[in-house]
Structure formats: structure tokens, C-alpha cells
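Student: What follows is a single structure, and I will ask about it in a moment.
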Amino acid sequence: MKHKDLFRVCLQNLLRHKARTLLTVMGVVLGCCSVIIMISIGIGMKRSQEQALSMMGDLTVINVYRTGKSKKAAKLNAKAMAAIKAIPGVQAATPKLTADQLPINVYAGKGRRYHCIYTSVVGLEPGAAEQMGYRLIEGKWNNSGQDHVLAGKDFAFLFEDTKRPSDRNMRDPWEKDAEPYFDIMKTPLTLEIESGKEDGKKQTVELTVDGRMKEDYSKGMETSMGLVFRLDDLQRIIEAQQKLAGKKPDRRQGWENAIVKAETIRQVAEIETQIKKMGFSTSSMESIRRPMEQEARQKQLMLGCLGAISLFVAALGITNTMIMSISERTREIGVMKALGCHVRDVRRLFLLEAGAIGLAGGITGMGVSFLISALMNLAAAAGIGGGFSSGGFDGADLFFSPDMGGLSTAVSIIPWWLALSAVLFSTLIGVGAGYYPARRAVNIPALEAIKHD
Amino acid sequence: MKQPRPIIQVRRLRKIYCMGDEKVTALNGVSLDILQGEICCIFGTSGSGKSTLLNQLAGMEKPTSGEVRIRGVRVSRLDEEELAAFRQRSIGFIFQSYNLLPSMTAVENVAMPLMFRGIPKKEREETAARMLRQVGLGHRLNHYPGQMSGGQQQRAGIARAFAAQPEVIFADEPTGNLDSRTTREIMEMITGFARQLHQTIVLVTHDPEMEQYADRVIRLVDGTIISNRVR
Chain A
1 MKHKDLFRVC LQNLLRHKAR TLLTVMGVVL GCCSVIIMIS IGIGMKRSQE
51 QALSMMGDLT VINVYRTGKS KKAAKLNAKA MAAIKAIPGV QAATPKLTAD
101 QLPINVYAGK GRRYHCIYTS VVGLEPGAAE QMGYRLIEGK WNNSGQDHVL
151 AGKDFAFLFE DTKRPSDRNM RDPWEKDAEP YFDIMKTPLT LEIESGKEDG
201 KKQTVELTVD GRMKEDYSKG METSMGLVFR LDDLQRIIEA QQKLAGKKPD
251 RRQGWENAIV KAETIRQVAE IETQIKKMGF STSSMESIRR PMEQEARQKQ
301 LMLGCLGAIS LFVAALGITN TMIMSISERT REIGVMKALG CHVRDVRRLF
351 LLEAGAIGLA GGITGMGVSF LISALMNLAA AAGIGGGFSS GGFDGADLFF
401 SPDMGGLSTA VSIIPWWLAL SAVLFSTLIG VGAGYYPARR AVNIPALEAI
451 KHD
Chain B
1001 MKQPRPIIQV RRLRKIYCMG DEKVTALNGV SLDILQGEIC CIFGTSGSGK
1051 STLLNQLAGM EKPTSGEVRI RGVRVSRLDE EELAAFRQRS IGFIFQSYNL
1101 LPSMTAVENV AMPLMFRGIP KKEREETAAR MLRQVGLGHR LNHYPGQMSG
1151 GQQQRAGIAR AFAAQPEVIF ADEPTGNLDS RTTREIMEMI TGFARQLHQT
1201 IVLVTHDPEM EQYADRVIRL VDGTIISNRV R
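If you read the sequences in order, they're chains A and B. Just so we're aligned: 87 in our numbering is position 87 of the first sequence, and the numbers increase by one with no gaps anywhere. Just so we're aligned: 1085 in our numbering is position 85 of the second sequence, and the numbers increase by one with no gaps anywhere.
Structure follows, in C-alpha cells:
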């Protein structure tokens, strides 16, 4: 028999008992829906978990610390940094030089009118800030030259106006519509270091602010109220201060802290182990993310199983329908065989009928699932009351994860692979459910055609 | 005129059914030849073994011993696949209860054996429509069996049997469910086609009226042939 004819006969048979076919298909629709919806909820859960985590900090960033100050402790020096950079999966690594103890003053404005007495300063390798997930709200990265820096979002608020009375000489960044005294982007800064002793030895460095960073506390205070230097610049400034103070700088000690960026989330754990083997301690979101991910996976599996049970019930429905149909059509099958229908065509016909029920149920189920998913997401969005979502819903947000900005309100996400594999799975289940009935049909003898009843 | 050769050869055919512990001999060493183009009537009362003989001839059941050859092919030795191919090529059926598929129209039913052969829809439905017109159902091409009378259904059945132009057509009490006027109509149609197409027909019946249409008459009693004569 030609395939086209098989399909035609199959369709004829299915349409003969419309109600029965429809009910069986509906069983599959329910099963398929429950699988898709359950898994989509699992995916939605996982997605919002990841979003929550990434709001807490960049998931691919690992912080590396020196374990102690003793001589035996592994040193986080240039050699160690090179070794870390060589670990597979490491996208970038930079020492993070912090100098919170450094006695500095920063001046701005004509005649040093504005004065800042303390700030947190950080040194990163040029270009590393961008890779490590620092973000700019204006300006550009400080790659262009010596003593170019990035300012924290509210760094300008740290300055006091020396021409005002001491109780009203600062602006509060938390006040509504607060503006600092000057535009940090357009004002050259002067950094002054001193010996820290009473001898009054001082040295100044002229700074150019290239960019203003987005506030991110998972990175550090420097993003809001501090300055990010190029590593070598800060190193030089610190050494200059040590000289002023009469100490001898020692580069061999290396740094206290480094940041490492992994290419993907999956590689974070492995990279951490490698770094720990080198004798450093590490911290990343991995220690939080891992158990959360495991839990999410377990939940997803459980939900998926629940859904699958109803799909299997639907499969029994298909088998039942097919067996019923075959016992009704015993004589017909006999006639077909008597007229020369091949056994393989009989088998194919019944597998096709069962598969068609599965396919129809799968496709309808997919459609219905998208609808249910959209409704669920709408309901969830309404429930939250737009508190998290930045604006109105646009179409794509209903099904797919919204932009990276705010928290996603989607409780159910149906990726294309889930929809597709659900349809495929339903069809396979259908064909599988038709296997036993098809075998029964094949075993019906042609003799049935001539039996008189 | 050259002597027609036998198209069906049956040799010492035995069929024993086991009904629980009891053994029932349905056919007891039947041998016969049916020639190309003959209309052969097998008469017998209920239980005479005539239906069993038909089943053996058409390869529906395996004999206990003996053999059936159709055009030299040992029907009893064929497996399921070969049998299907053999039926497509060589055998047509006319059933007592017509056995049209209720989900298909008259044309589709008549075209069905051709569909099993893999003949494209357009071609086979043209043949089927031509056959249906010849049996006088040109106005019922797209009717379903449920919308036709018994006589009309059997005419469609005849069209189906002849459409594939098999070597042998087996007819099992083809008029068993019809009144006497329709019976005559149907029989004249079958024999008319057979003569026209030089088609071999094996007809099984208990109705003595049928004798007048046959070239060869075989009488079966208790699984044995008691007479085999050519009219």
C-alpha cells in the first residue's frame, strides 16, 4: 500500500467514530498539557531562582583570597595569577588591590573647594572591570591612560563644600532628587597622599574620571562610594605612600585578593577546586547556587513525573480505544486480508491510527499549554501587582523569560524544545500504545471474512 | 480449439479439525481439477465440508494433508506475506454478506484490492468507476454501503472481485442473503462477466438453482466428492 493510502484509510477510520476518537485525543491533550505545564513551572522556578541569584551577584565570578599572612601561605602574586589564568574555563582573572588603610584626601573644584577625606580605592587590571561584571552608567572604561579612574555612582556625594558651614556642607544621595555639588565626570580630581605621621610629607596625583559605575554591592563599596584605579597606578600610589612613611615596599608578598571570571556557570565549581588546590580560599555564588539548583532539579523531576503519569493514563486510553476498534473491525480486517492486504500494512495502519491520536493530542495539548501558561503568567503578574515588573507585559513576556532587567514574573516558561519534545513524546506514546492492538489485528485470520454470523 | 489447462489442481486434500478431544474430518481425500475459464459449482449441504474446501482453495487455512495448486503455485505452502501477494494477483472474492467496508464509498470499496497493490488513487478509482457502471451502479459511485440495498451491495461486491482481474474468483453463497429475483440478476451478472472475461469462478452453494449457471458441478457429502461432472 502507498503511504498516502495508508494515511487516507487511517483518517477515514478515525473519523468514523468521531466521539470516541475525540475523547481519546482529549485524554492525550490532558496528559500532554500536564507534562508541559508541570515542566514549564519547574523551568520558571529555576529561571526566577537564577535571576534572584544573579541579582545577588554575578554567578560566574569567583573571589580568591590569600589564606593567611604566614610565610608558608601560598602567595597571590604574578606567578599565581598566571597559573590561575591558565586553568581551563577561566575567561579572565585580575588581582583586586584594595587600599582601605591608605590615608588619602581627594580634592575637586577651583582652589580645592570640595574635599573628600575618605574613600575606598580598588585597583584592577585595565579592562578587567568590564569583564568582571562592573557596569557603567556614564562615560567610558578607564583603559586610555595613566591615572584614569572610574568613580562610584555616588562618589561625588562624599565631598564636602569647604565654603559652607560644617553642619550643612554635604549633600545626601538618598534624598529625593539630590544632586552633588559638582559633576564628577567633568571635574578633574586631585589625590593627596600623606605619610600618616606628623611630619606633613605629602604628594599629589592628578586623576581623570573616565566613567561612572553602576552601584553593585556584590562587587564592593567602590561601585557606589569609591574609585577604581588601574592596578599599576594604584600600586605606584601605595608604594609612594609607603616611601613617604619610610617603609620599604615589598612586591613579592603579592595581593590579598583576586577576582576570577569563568566562561560559564557550569565551570565555576571545577575552577574553584583548582584554585583551592593552589592553596587559596575562594568564594562564589556556587555554594548557594548548587544546592538551589539540585533542589530545583528534584522538584522539576517530581513535577515531570506527575505529568508523565497522566500521559501514561492517556496511553492506556489509546490502547483501550484501539482494542475496541479492532474487535469491532475484526471482520473488516479479515476482508482486507482476504483481498490481499499485506500483514505489514495492517500493522502499519493500526500503529498509524494510534500514533495519529497521540500526535493530534500532542499538538492540541501544546496549544492549550501555551494558553494555560499565558493565563498563569498573567495571573501571577496581576498578583504581584507590577511591583517587580518594570512595565506592561508585551507578548513575548508571556511565554519566554523577559528582559534581564527586573525580576521575571513568569511562573511558567515553555521553551521551544519542551513544546516540541512533548508533541514527539505524545506521538511515541501513541505508537507504543498501539503496538499491542496492532499485533492483535495482525493475528486476525482472513478466514474471519467468510464466517457467517 | 486447444484444450484449456487446469488452473486449480487439488490432490488428496484432507482437513481434520480438533474439537476438544474429538477429531472431525471435514475433508477426506478430495482431488479435483478446475479448468481455466470454467464456472464451477460446489454443492453440498451444511456440514458437507464445502466451506472448508473453499477455505483450502483460497489459502485461508492450511490442510492437514494433501495440496492445492493454483496455476502451479502450492497455496498451502505460502507464508503470510506470499499469501497476501498471491491474493492480490490471483484471487478475488464474492462474499455472502457482501463485506463492503462501511467507512468507504462504493468506488473506494471496489478500488480497495487495487489500493493494496499500490496502484495510484486516480487510476484505480477510474477502473472502479468503470466496473461499477458495468454492474449498473454508475449513479451510486459515492454512496456508502449503508445507503445501498442488499442487491446493490452485492453488485458492488462483484465489481470489486472483477476489478482486479484475478485468475480465480471464489464466491461463497453469493446469493445467500438475496431474494430469488435479485439472485437471478446477480448470477446472470457473475456468469456474464465470467464468460466475457474468460474468468474462472468457483462458487460454493447449497442452492440447487445455481446448477443451471455452472460448467462443472461438484457435489460434496461428508467431506468426499460424490459427483464431478461437466455440463
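From the three backbone atoms N, C-alpha and C, an ideal C-beta is built for every residue, glycine too.
1. Taking the straight line between their C-alpha atoms, what separation do you get for PHE1116 of chain B and ARG1229 of chain B?
2. Anything in chain B within Cβ reach of ARG331 of chain A, meaning under 8 Å, just list it in chain order.
3. Of all the residues that make up the stretch 1042-1061 of chain B, which are near chain A by a beta-carbon distance shorter than 9 Å?
4. So CYS1116 of chain B contacts chain A; which residues on that side make the cut at Cβ distance below 9 Å?
5. Buried or exposed for ILE318 of chain A, please, with buried defined as at least 16 other CB atoms from any protein chain shown within 10 angstroms of its CB.
6. If you follow the beta strand (DSSP E) that SER1227 of chain B is part of, which residue opens it and which one closes it?
7. For the stretch 9-23 of chain A, enumerate the residues whose C-beta is nearer than 7 Å to any C-beta of chain B, in chain order.
8. Taking buried to mean at least 16 other C-beta atoms within 10 Å of its own C-beta, is ALA1163 of chain B buried or exposed?
9. By Cβ distance, which residues of its chain are closer than 7 Å to VAL411 of chain A, with the 5 residues on each side in sequence left out?
10. Decide if VAL978 of chain B is buried, meaning its Cβ has at least 16 other Cβ atoms within 10 Å, or exposed.
11. For a contact meaning CB atoms closer than 8 Å, what does PRO1113 of chain B contact in chain A?
12. When we look at the beta-carbon of GLN298 of chain A and count the other beta-carbons within 10 Å, is it buried (16 or more) or exposed?
13. Could you check where the alpha helix (DSSP H) with GLY44 of chain A kicks off and where it finishes?
14. Closer than 6 Å by C-beta to GLY387 of chain A: which residues in its own chain qualify, once you throw out the five before and the five after it? Chain order, please.
15. Quick check: what's the CA-CA separation for LEU306 of chain A versus ILE372 of chain A?
16. Taking 8 Å as the threshold (beta carbon to beta carbon), is ASP1172 of chain B in contact with chain A?
17. Anyone know if the C-beta pair for GLY127 of chain A and GLU263 of chain A falls short of 8 Å?
18. What residue range is occupied by the uninterrupted beta strand (DSSP E) comprising TYR107 of chain A?
19. Which bits of chain A does GLU1081 of chain B rub up against, with CB to CB less than 8 Å?
20. Short of 6 Å in beta carbon distance, which residues of its chain neighbour MET1 of chain A, apart from the five on each side in sequence? Order them along the chain.
21. What's the C-alpha gap between GLY1092 of chain B and ALA1161 of chain B?
22. Below 8 Å on the Cβ atoms is my guess for CYS116 of chain A versus PHE182 of chain A; work out the distance and round it to an integer in Å.
23. Does the Cβ-Cβ distance between GLU1081 of chain B and VAL343 of chain A come in under 8 Å?
24. Would you list, in chain order, the members of the stretch 356-369 of chain A that have their beta-carbon closer than 7 Å to a beta-carbon of chain B?
25. Is any heavy atom of the ligand ADP found at a distance shorter than 7 Å from the C-beta of GLY1047 of chain B?
26. In its own chain, which residues sit with a C-beta less than 7 Å from the C-beta of VAL1110 of chain B, not counting the 5 before and 5 after it?
27. For PRO291 of chain A, decide whether its Cβ has a neighbour in chain B, counting only Cβ atoms nearer than 8 Å.
28. Just curious, the beta strand (DSSP E) that MET87 of chain A is in, first and last residue?
29. Taking 8 Å as the threshold (C-beta atoms), are GLY152 of chain A and SER218 of chain A in contact?
30. Answer yes or no: do VAL28 of chain A and ILE326 of chain A have a C-beta to C-beta separation smaller than 8 Å?
31. Residues in the same chain with beta-carbon distance under 6 Å from LYS214 of chain A, minus the five sequence neighbours each way, listed in chain order, please.
32. Taking C-beta pairs closer than 7 Å, name the residues in chain B that LEU447 of chain A reaches, listed in chain order.
33. DSSP beta-bridge partners for HIS115 of chain A?
34. Is it true that the stretch 1181-1190 of chain B meets the stretch 1147-1155 of chain B, where meeting means three or more beta-carbon pairs spaced less than 8 Å apart?
35. Where do the N-terminal and C-terminal ends of the beta strand (DSSP E) with GLN1009 of chain B fall, by residue?
36. Only counting the same chain, and skipping five residues up and downstream in sequence, which positions put a Cβ closer than 7 Å to that of ALA1058 of chain B?
Tutor: In short, the structure shows the following:
1. As a working mapping, residue 1116 of chain B is identified with position 116 in the second sequence. As a working mapping, residue 1229 of chain B is identified with position 229 in the second sequence. When rounded, the distance between both Cα atoms is 37 Å.
2. Numbered from 1 along the first sequence, position 331 holds the residue referred to as residue 331 of chain A. Ordered by position in chain B, the residues that pass the 8 Å Cβ test against ARG331 of chain A are ASN1099.
3. SER1051, LEU1054, ASN1055, ALA1058, GLY1059, MET1060 and GLU1061
4. The count along the second sequence starts at 1 and reaches residue 1116 of chain B at position 116. The amino acid occupying residue 1116 of chain B in the given sequence is Phe; Cys does not appear at that position. Near PHE1116 of chain B (Cβ distances below 9 Å), the residues of chain A are MET1, ASP5, MET336, LEU339, GLY340, CYS341, HIS342 and ASP345.
5. Residue 318 of chain A sits at position 318 when you count from the first residue of the first sequence. The residue in question, ILE318 of chain A, is buried, as its Cβ has 16 or more Cβ neighbours within 10 Å.
6. Taking the first residue of the second sequence as position 1, residue 1227 of chain B is located at position 227. In the DSSP assignment, SER1227 of chain B falls within the beta strand (DSSP E) that extends over 1224-1230.
7. GLN12, ASN13 and ARG16
8. Position 163 of the second sequence, counted from the start, is the residue given in the question as residue 1163 of chain B. That one is buried.
9. Along the first sequence, read from residue 1 onward, the residue named residue 411 of chain A stands at position 411. Correct list, in chain order: ILE41, GLY44, MET376, ASN377 and ALA380.
10. The shown model of chain B, from 1001 to 1231, leaves out residue 978 of chain B, and the question about it has no answer.
11. The sequence position of residue 1113 of chain B within the second sequence is 113, counting from 1. What PRO1113 of chain B touches in chain A: LEU339 and GLY340.
12. Position 298 of the first sequence, counting from 1, holds the residue named residue 298 of chain A. Looking at its Cβ environment, which holds fewer than 16 other Cβ atoms inside 10 Å, GLN298 of chain A is exposed.
13. Within the first sequence, numbered from 1, the residue matching residue 44 of chain A stands at position 44. 18-56 is the span of the alpha helix (DSSP H), which, as asked, contains GLY44 of chain A.
14. In the first sequence, residue 387 of chain A corresponds to position 387, counting from 1. Model confidence at GLY387 of chain A stands at a pLDDT of 42, short of 50, so the residue's coordinates are unreliable and nothing is read from them.
15. Here residue 306 of chain A refers to the residue found at position 306 when the first sequence is read from its first residue. Here residue 372 of chain A refers to the residue found at position 372 when the first sequence is read from its first residue. Roughly 17 Å separates the two Cα atoms.
16. For the purposes of this step, residue 1172 of chain B is identified with residue 172 of the second sequence, where counting begins at 1. Output row for ASP1172 of chain B: interface = yes.
17. Mapped onto the first sequence, residue 127 of chain A falls at position 127. Mapped onto the first sequence, residue 263 of chain A falls at position 263. No, Cβ-Cβ distance for GLY127 of chain A and GLU263 of chain A is not below 8 Å.
18. Within the first sequence, numbered from 1, the residue matching residue 107 of chain A stands at position 107. Its beta strand (DSSP E) spans residues 104-108.
19. Along the second sequence, one-based indexing puts residue 1081 of chain B at 81. In chain order: HIS342, VAL343 and ARG344.
20. Against the first sequence, residue 1 of chain A aligns to sequence position 1. In its chain, beyond the 5 residues on either side, ASP345 have a beta carbon closer than 6 Å to the beta carbon of MET1 of chain A.
21. The residue you call residue 1092 of chain B lines up with position 92 of the second sequence. The residue you call residue 1161 of chain B lines up with position 161 of the second sequence. Whole-angstrom Cα-Cα distance: 5 Å.
22. Working through the first sequence from its first residue, we reach residue 116 of chain A at position 116. Working through the first sequence from its first residue, we reach residue 182 of chain A at position 182. The pair is not a contact, with the Cβ atoms about 11 Å apart (cut-off 8 Å).
23. Sequence index remark: in the second sequence, residue 1081 of chain B carries index 81 (1-based). Sequence index remark: in the first sequence, residue 343 of chain A carries index 343 (1-based). Yes; because the gap between Cβ atoms is below 8 Å, this pair is in contact.
24. none
25. As presented, the structure is devoid of all ligands, the ligand ADP included, so that no description of it is given.
26. Numbered from 1 along the second sequence, position 110 holds the residue referred to as residue 1110 of chain B. So the qualifying residues of the chain are ALA1128, MET1131, LEU1132, ALA1156, ALA1159, ARG1160 and ALA1163.
27. Position 291 of the first sequence, counted from the start, is the residue given in the question as residue 291 of chain A. No, PRO291 of chain A does not count as interfacial toward chain B.
28. In the first sequence, the residue the question calls residue 87 of chain A occupies position 87. Note that residue 87 of chain A corresponds to Ile in the displayed sequence, not to Met. Per DSSP, ILE87 of chain A lies in no beta strand (DSSP E) segment and is marked neither H nor E.
29. Stepping through the first sequence from its first residue, residue 218 of chain A is reached at position 218. Stepping through the first sequence from its first residue, residue 152 of chain A is reached at position 152. No, these two residues do not count as a Cβ contact at 8 Å.
30. Here residue 28 of chain A is taken as the residue at index 28 of the first sequence, counted from 1. Here residue 326 of chain A is taken as the residue at index 326 of the first sequence, counted from 1. Contact: no.
31. As a first step, residue 214 of chain A is located in the first sequence; it is residue number 214 there, counting from the start. In its chain, beyond the 5 residues on either side, ARG135 and ILE137 have a beta carbon closer than 6 Å to the beta carbon of LYS214 of chain A.
32. Sequence index remark: in the first sequence, residue 447 of chain A carries index 447 (1-based). Here the neighbours are ASN1055, MET1060 and GLU1061.
33. Here the question's residue 115 of chain A lines up with position 115 in the first sequence. Looking at the DSSP assignment, HIS115 of chain A forms a beta bridge with A:TYR107 and A:GLU160.
34. Counting C-beta pairs closer than 8 Å gives three or more between the stretch 1181-1190 of chain B and the stretch 1147-1155 of chain B, which meets the contact rule.
35. Stepping through the second sequence from its first residue, residue 1009 of chain B is reached at position 9. Segment 1006-1019, the beta strand (DSSP E) holding GLN1009 of chain B.
36. Here residue 1058 of chain B corresponds to residue number 58 of the second sequence, with the count starting at 1. Same-chain partners within the cutoff: ILE1091 and PHE1170.
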